[in-house]
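Structure first, commentary second.
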Amino acid sequence: MAAVKQTVEHVESLEKYKHGFVTDIEQDFAPKGLNADIVRFISAKKNEPEWMLAWRLDAFERWLAMDEPDWAKVSFPKIDYQDSYYYAAPKEKVGIKSLDEVDPDILETYKKLGIPLREQEVLAGVVGAPRYAVDAVFDSVSVVTTFKKELAQVGVIFCSMSEAIREHPELVKTYLGSVVPVSDNYFACLNAAVFSDGSFVYVPPGVRCPMELSTYFRINAENSGQFERTLIIADKGAYVSYLEGCTAPMRDENQLHAAVVELVTLDDAEIKYSTVQNWYPGDPETGRGGIYNFVTKRADCRGDRSKVSWTQVETGSAITWKYPSCILRGDGSSGEFYSIAITNGRQQADTGTKMIHLGKDTRSRIISKGISAGRSSNTYRGLVSAHPKATGARNFTQCDSLLIGKHCAAHTVPYIEARNGKAKFEHEATTTRLSEDQLFYVMQRGLSQEEAVQLLVNGFVKDVLQELPMEFAVEAQKLVAISLEGSVG
Amino acid sequence: MLKVENLHAVVDGKEILKGLSLEIPAGQVHAIMGPNGAGKSTLSYVLTGRDGYEVIEGSATLDGEDLLALAPDVRAARGVFLSFQYPLEIPGVPALTFIRTALNAQRRARGEDEVSAPAFLKLAREKAAALKIDFEMLKRALNVGFSGGEKKRMEILQMAMLSPRFLILDETDSGLDIDALRIVADGVNALRSPDRAMLVITHYQRLLDYIKPDRVHVLAGGRIVASGGPELAHELERGGYERYEQAA
């Protein structure tokens, strides 16, 4: 009860502060730093109902009492949480006015990705590009929500989280924080307090979502953190495939990206969630700049025979620290995790998954392909556990690491806990170095060194690439190539 | 076609080729025989541009063009093909994809159009059948789990598909039983033509019963120490390399 009382007090105190912020609401940045007033500012800016603000303030209180975790195999200077902006809405005067002002390297990347110029402008954040552009992309605000009407016809809700909080409060109240509790971990808790936007998807019972849903996230503003929050619910017998793409411009400062993604599947429902993450990885020589990608992604297979499949292609970020996981609660539910994590330059990645088998006859499958090049470090960390009641639980794990060059590192840290005698877990792991023999062989057949590396790497990651939706697979393949450019010789 | 003059090459700081000279005119097949460690494989790697095989003196030209100045992939596009003694496994890349990628890379480098998918498949079916390679096998990752004989046939298939001008066969007979040897040799012989030249590197005379050379050279101590007609191979089979090793 004490917690509730505290919350009430906070809501009351808010009334006093609110006025103080009336003028500030007009501005596009929240003041630098983090305190309860900033949390109120964000909530007010988004016209949130009071229950939402209370939720945020509660999270903020809890966050204050938490310590930043340090168990991952990554190292970075201590983050000063007061030296960042927690809300940045795009406004014309801070935007980029023409393509000429955009960093040529970024344009080059888009060109290589085959994104047409119009869309290129969108992704580069050019002001004056088509209207959907501003809605489409960046920083803290909004998501692409095209085809809304078509989706509404079959009852699928696809909108920004802010809109969902206003328009579908009952759904949000029921499911928000039900998979990743507010104080689950340090970064998830911070996200709960200051999350700015994200996507919301609800697929009603028996509906197979007629199209792939996708969101492009982009951090644009300087010194700003990005804290988006995504919630996807597949009701009984529903199916949806969701794609998430991420990009960010080059900055000398490190930017924090602490997102939370929650997936819920009820009986016989299925969610396929794919990510192609290409945040700015920092300077390959000095390691300056780049995104800290500290993300909590978790699925709750709440219903019997429900299924969640995570597929990720992680090529960007200075540091990636994430474990898209599945709680296999429903009997006969299944979880899959397919991952390609590429590190080059001075990037660090500590990523993997958790498959928590709670229900009977639950199944999980993990295929992880880690590629390290340059002076980077790439760690697979995964947990497979079976509860005493999860009889008949089965897991198959395959972790392959590929090393390119002599100065990179790959680590595999699997945790396996079987707490009943009727679970069957298999784990296979390999580490190989891209051999000079192979490279020469391929080059002798007419491929340049970079083409040869691409061919060999694409062969290495093929098992995972084929899990991606077609269009994304092509994009991912190109990304793999771009992120490994200059990694040999 | 190929002209090598006074070639000196160093591997790991050690001089392996010590003034090798060799000339193979278009339309001819030359065999190089020699004891282990004579520099046979080194010669094939130097001609194809492998890293770590450093030429410190001499020259190698193909139709007058300086080969040594070109990157390995450029040499391949110019028509230089090496059938490897130990073909490499390429996990996750189906043989068909591999060959098509290579063919198109070479064609692009020569300013030619990429080959269309139907034309490519038709050609692949034809060439695979001639080498008695099951077409289904070409859908598997190149050389992964293939037997020694299958790998060698796959090399010849690539050669037939890429249609090079100057071919090097490095110990192509090693690991082949007599039936496989015949199939491979037939494949190679089918590629003999007035505008192609071949260099056949082998330990044993056996292969040369099937692929008849115009000239035979003995490589020992990093140099060609004797040259002659096909009869030289028979002589070597009887007398061994000892005589030449002493000469070197």
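Chains as they are written, first to last, in this note's numbering: chain A, 1 to 489; chain B, 1001 to 1248. Just so you know, even glycine gets a beta-carbon here, dropped at the ideal spot from N, CA and C.
Given that residue i touches chain B, what residues does it touch there, using C-beta distances under 9 Å?
i	result
A/Leu434	The premise fails here: A/Leu434 is roughly 11 Å from chain B at the closest Cβ pair, so nothing lies under 9 Å.
A/Glu451	Asp1073, Thr1101 and Ala1105
A/Leu403	What A/Leu403 touches in chain B: nothing, since even the nearest Cβ is about 15 Å away.
Let me know the secondary structure DSSP gives residue i once reduced to three states.
i	result
A/Gln226	strand
A/Cys159	strand
A/His411	strand
B/Leu1082	strand
B/Gly1228	strand
A/Phe425	strand
A/Leu99	With a pLDDT of only 49 at A/Leu99, under 50, the local geometry of the prediction cannot be trusted, and the value read off the model is given with reservation. A/Leu99: helix per DSSP, three-state reduction.
B/Asp1186	helix
B/His1234	helix
B/Ile1178	helix
B/Ile1336	Only positions 1001 to 1248 of chain B appear in the structure, and residue 1336 of chain B is not among them; the question remains open.
B/Asp1012	coil
B/Ser1021	strand
A/Phe187	helix
A/Lys32	coil
A/Thr432	strand
A/Arg40	helix
A/Phe200	strand
B/Val1004	strand
A/Gly459	helix
B/Tyr1241	coil
A/Glu121	Its pLDDT being 46, under 50, A/Glu121 is placed unreliably in this model, and the value from its coordinates should be taken loosely. It is helical.
A/Trp71	coil
A/Gly245	strand
B/Arg1110	coil
B/Ile1090	coil
Taking C-beta to C-beta, are residue i and residue j nearer than 8 Å?
i	j	result
A/Ser199	A/Thr215	yes
B/Lys1003	B/Gly1222	no
B/Asp1012	A/Phe440	no
A/Ser196	A/Glu228	yes
A/Ala258	A/Ala59	no
A/Tyr202	A/Ile233	yes
B/Ile1156	B/Ser1083	yes
A/Ser491	A/Thr343	Because chain A in this structure spans residues 1 to 489, residue 491 of chain A falls outside the shown range and cannot be described.
A/Gln438	B/Leu1088	yes
A/Ala452	A/Gly405	no
A/Val264	A/Tyr175	yes
A/Ser401	A/Gly359	no
B/Arg1140	B/Phe1120	no
Closer than 7 Å by beta-carbon distance: list the chain A residues that pair up with residue i, in chain order.
i	result
B/Arg1050	Phe440
B/Leu1088	Asp437, Gln438 and Tyr441
List the residues of chain A that residue i touches, going by C-beta distances under 8 Å, in chain order.
i	result
B/Gly1092	Asn458, Gly459, Phe460, Val461, Lys462 and Asp463
B/Ala1109	Gly446
B/Phe987	Residue 987 of chain B lies beyond the range of chain B shown here (1001 to 1248); nothing can be said about it.
B/Leu1082	Gln444
B/Ala1141	Gly459
Tell me the DSSP bridge mates of residue i?
i	result
A/Gln255	A/Ile291
A/Arg363	A/Ser334 and A/Arg394
A/Asn378	A/Ala349 and A/Ala410
A/Trp321	A/Phe294 and A/Asp350
B/Leu1121	Note: B/Leu1121 sits in no beta bridge, so no partner.
A/Cys301	A/Thr265 and A/Leu328
A/Ser483	Answer is none; A/Ser483 lacks a bridge partner.
B/Leu1219	B/Ile1224
A/Lys369	A/Ile340 and A/Asp400
A/Leu231	A/Phe200 and A/Glu262
A/Ser214	A/Leu243
List, in order along the chain, the chain B residues whose C-beta lies closer than 8 Å to that of residue i?
i	result
A/Gly303	Those do not exist, as A/Gly303 stays about 35 Å from chain B at its closest Cβ, beyond 8 Å.
A/Arg375	What A/Arg375 touches in chain B: nothing, since even the nearest Cβ is about 21 Å away.
For a contact defined as C-beta to C-beta under 9 Å, what are the partners of residue i on chain A?
i	result
B/Ala1077	Gly446
B/Gln1158	Arg445
Would you mind telling me which residues of chain B sit closer than 7 Å to residue i, beta carbon to beta carbon, in chain order?
i	result
A/Leu455	Val1093 and Thr1101
Query raised in the report: Is the segment 384-392 of chain A touching the segment 336-352 of chain A, taking contact as three or more C-beta pairs under 8 Å?
Result: Contact between the segment 384-392 of chain A and the segment 336-352 of chain A is absent, because fewer than three Cβ pairs lie under 8 Å.
**Report entry** At least 3 beta-carbon pairs within less than 8 Å: the segment 1089-1104 of chain B vs the segment 468-479 of chain A
**Finding:** With the rule of 3 Cβ pairs closer than 8 Å, the segment 1089-1104 of chain B does not count as touching the segment 468-479 of chain A.
Query raised in the report: When the Cβ atoms of the segment 1072-1079 of chain B are set against those of the segment 414-427 of chain A, are three or more pairs found closer than 8 Å?
Result: The count of Cβ pairs closer than 8 Å, one atom from the segment 1072-1079 of chain B and one from the segment 414-427 of chain A, stays below three, leaving the stretches out of contact.
Query raised in the report: Between the segment 281-290 of chain A and the segment 330-349 of chain A, do at least 3 Cβ pairs fall closer than 8 Å?
Result: Enough Cβ pairs lie closer than 8 Å, so yes.
Requested in this report: Please confirm if the segment 1177-1190 of chain B is in contact with the segment 1039-1059 of chain B, defined as three or more CB-CB distances below 8 Å between the two stretches.
Outcome: Contact between the segment 1177-1190 of chain B and the segment 1039-1059 of chain B is absent, because fewer than three Cβ pairs lie under 8 Å.
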